[in-house]
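All remarks here apply to the structure that follows.
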Amino acid sequence: MKTKAEKSFLRGYSLVLHSFLTYLIYGTLAGVGVSTIVRLYAEKNNLDQNIITSVNTIGGFVGVIMTFVIGSLIVKRGPRLVTCFSCLATAVGLLILGYGQTLGMYIVWAAICQSTFNGYSWSSTNALMTNWFPRKKGFVMGITTAGMMAASFTTIMFMTAFSPIIGFDNVCLIFAIGIAVFGLITLAWVRDTPEECGLLPDNMEMTAAERARLGGGENLQVWKIRDLVFSKDGMLFIFGWGLLYIASTGGATAFVPYMIEEGFTPTRAVFLMSIMSVCSALGSLLLGAVDTKFGTKKASLLFALMYTVGYTGAWLAHANPWAAFAMATCALTAGGANANLVASTLVEQYGRPHYAHVWKILYTGANLLRNLCFLAIGTIVSLSGTYSRVFLFWGVVSLVSFFCVLFSNYAYRSAPNASNWLSIRVDS
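Below is the structure:
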């Protein structure tokens, strides 16, 4: 029979569902759904798809600045309030997208979308799950991040099917209302830490060994930007996960156009993306389980290896449609695990108490690289005339990332005690 604490911890389990939904929104608007949104907006307003894809880079660089700002807000105000505000801002952006008619209006949407997704999913959601499930973070975030790929056979399919019937503008209106309501519900649903509810992380006390591995009790103000960014592991994190982030976002964005180039109809290409997304959701769960059982570093190496083999194989299989689909799916099966492994890496290295502080610094650097994916797609396709070269590029950067992860130290480390007036405090 369940104890009172175990019954109360049902709130914690419900937050896994909440976080799954935030990644569903991310997948729809800023992940795999980007190519569908670009296509529908271009068709609606008679604009060039490659140009629209490329200008997402502008929104992305605005998003880099907001990544740091949002990270600071999460540290000071917690994931709950930031998630609510970000959902409301996203709803406003959807109205601009749905009723916009120019390239400039799309850029405004891109800036809002690329900024707010860290407020309702990546930064906030991962901080929330880390607070509630520090020991089970790999498995739990394997579930939550599967939401981004579930978007392909739910919300994106709805967008594709109903835009020709009721109009793209009305589809955006429906999404805007739904996301705004979800944001308001978050205020009543979410609590930032289990301690706020009189509970414990994972609903159990930490052992001495777990505290040594996950951290706890240190002064949260001692990590400085210089100590993080210019350390070996900090640089390897920024470049390794930044490049994997390029491959993750870029591969999902380019998948449908590549399948169309391989000879599939747009409808069939979207259907294939749905199949791929089911595989990716399962891959997220699998790699989350590997993270929990065998360690974050081994799971991350497997992740980077699947990207390298799958993307390179998709390039080699060009002009063989089903082989190209199989290899691209091999890569993107790992895609759903990107969000949980990047977060799990920082928890392993810096601990639960420092996670939000460190995330806003190192992830901002990785996010800066990620935004090059849209420019890379537009440039490579314009110069080569084929999406297969895009997948070759993803394979190369994934191989570089593999070695960045390989040479990283995943052991928990304490913050240096040295004080220097040239150093900028993390909480500044």
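According to my numbering, the sequence shown is numbered sequentially starting from 8.
Ideal Cβ positions, reconstructed from N, Cα and C, are used throughout, including at glycine.
Please read all numbers here as calculations on a predicted model, not as lab measurements.
Counting C-beta atoms within 10 angstroms of its own C-beta, ILE172 has fewer than 16 neighbours from the protein chains shown and is therefore classed as exposed. Beyond the five residues adjoining it in sequence on each side, THR193 comes within less than 6 Å, by CB distance, of THR90 and CYS91 in the same chain, given in chain order. Excluding residues up to 5 positions away in sequence, CYS94, LEU95 and ALA98 lie with their Cβ nearer than 7 Å to the Cβ of ALA187 in the same chain. Non-local beta-carbon contacts of SER131 in its own chain, meaning distances under 6 Å to residues more than five positions away in sequence, involve ILE81, PRO86, VAL89 and THR90 in chain order.
In the three-state reduction of the DSSP assignment, LYS231 falls in the strand class.
Residue range 153-157 is occupied by the alpha helix (DSSP H) that includes ALA153.
Look at the beta carbons and you see the segment 24-35 not touching the segment 245-257: under three pairs across the two are nearer than 8 Å. Contact check for ILE163 against THR35 passes: the beta carbons are separated by less than 9 Å.
Put simply, the segment 109-125 does not touch the segment 335-342. Fewer than three CB pairs are less than 8 Å apart.
A contact between stretches requires three or more CB pairs, one per stretch, nearer than 8 Å, and the segment 264-284 fails this requirement with the segment 350-357. For the pair GLY392 and SER61, the CB atoms are not nearer than the 9 Å cut-off. For secondary structure counted as the alpha helix (DSSP H) over 4 or more consecutive residues, the segment 354-433 holds these complete runs in sequence order: 362-377, 379-391 and 395-413. Within the model, the alpha-carbon separation for ARG18 versus HIS325 is close to 48 Å. Buried is the label assigned to ALA134, since at least 16 other Cβ atoms lie within 10 Å of its Cβ. If you draw a straight line from the Cα of LYS305 to the Cα of CYS120, it comes to about 32 Å. With fewer than 16 other CB atoms across the displayed protein chains lying within 10 angstroms of its CB, ALA418 is exposed. Secondary structure remark: continuous alpha helix (DSSP H) runs of at least 4 residues inside the segment 103-144, in chain order: 110-127 and 129-139. CA-CA distance, VAL365 to ARG198, rounds to 21 Å. Between the C-alpha atoms of ALA344 and GLU203 there is a straight-line separation of about 29 Å. Per DSSP, reduced to three states, the secondary structure at VAL99 is helical. If one requires a minimum length of 4 residues, the alpha helix (DSSP H) runs lying completely within the segment 143-218 are 144-151, 153-157, 162-173 and 175-196, in chain order. Taking ALA296 as the centre and dropping the five residues before and after it, the same chain places the C-beta of GLY145, PHE146 and GLY149 closer than 8 Å to its C-beta, in chain order. Membership of LEU289 in the alpha helix (DSSP H) is indicated by the continuous run 273-301. In the pairwise beta carbon analysis, the segment 251-265 is classified as touching the segment 367-385: at least three pairs are separated by under 8 Å. For VAL39, no alpha helix (DSSP H) segment is defined, and its DSSP state is neither H nor E. Rounded to the nearest whole angstrom, the CA to CA distance from GLU355 to PHE414 is 15 Å. Separation of GLY372 and TYR318 (C-alpha to C-alpha, rounded to the nearest whole angstrom) is 24 Å.
For LEU390 and ASN138, the gap between their C-alpha atoms comes out near 46 Å. For LEU243, the enclosing alpha helix (DSSP H) starts and ends at 239-268. DSSP places HIS25 within a helical segment (H, G or I) once states are collapsed to three. Residues of the same chain with a CB within less than 6 Å of the CB of VAL45, apart from the 5 flanking positions on each side, are GLN56, ILE59 and THR60 in chain order. PHE332: member of the alpha helix (DSSP H) spanning 328-340, first to last residue. Across the set GLY66, THR167, ALA157 and LEU180, the C-alpha of GLY66 shows the shortest separation from the C-alpha of PHE124.
Taking 9 Å as the cut-off, the beta carbon of ALA422 is found closer than this to the beta carbon of TRP230.
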